[in-house]
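*Asks:*
In my numbering, the protein residues as written are 37 to 182.
1) Is it buried or exposed, residue 155, if we count other Cβ atoms within 10 angstroms and call 16 or more buried?
2) Between which two residues does the beta strand (DSSP E) harbouring residue 83 extend?
3) So within the stretch 64 to 124, which uninterrupted alpha helix (DSSP H) runs reach at least 4 residues, ignoring any that extend past its ends?
4) Assign residue 43 to one of three DSSP states: helix, strand, or coil.
5) Helix, strand or coil: how does DSSP classify residue 144 here?
6) Distance, Cα to Cα, residue 179 vs residue 45?
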């Protein structure tokens with residue numbers, strides 16, 4: 037039995053609430069940078085995340101033009117989805133979308149309080165859109181089914 041996820045399984049898993057790990061190639065032979073981030077994804081769509089336009093992360097993303105991105109389930113059964121893809125757009129971060137992410141990751145009360153504290157900063161951020169092209173998946177639970 038294959039431990040790979042089907043297209044529907046991998047897209048559903050990526051759409052769940054996980055902390056993503058963004059990886060982007062380092063410049064000048066440096067090691068790749070990896071950073072945990074909040075993100076948005078709808079099956080069949082693009083991965084979106086927001087960052088500061090002046091950050092090292094953004095500079096590397098602009099230079100590379102593509103990223104790696106991984107989400108995982110640490111509790112049994114272990115699972116992960118890892119994607120690579122090109123950056124297909126940059127746009128000012130939508131405050132309402134970021135508020136939704138805050139609530140998604142922190143719950144209603146804490147998310148609203150967090151967003152209220154950073155909403156002015158959010159208006160300075162850039163949202164990056166990435167099209168997933170190469171997928172790697174693993175579902176440990178499939179080792180024992182069937």
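Glycine residues also receive a C-beta, built at the ideal position from the N, C-alpha and C atoms.
*Replies:* With the structure as the only source:
1) exposed
2) 83 to 87
3) 92 to 100
4) helix
5) helix
6) 16 Å
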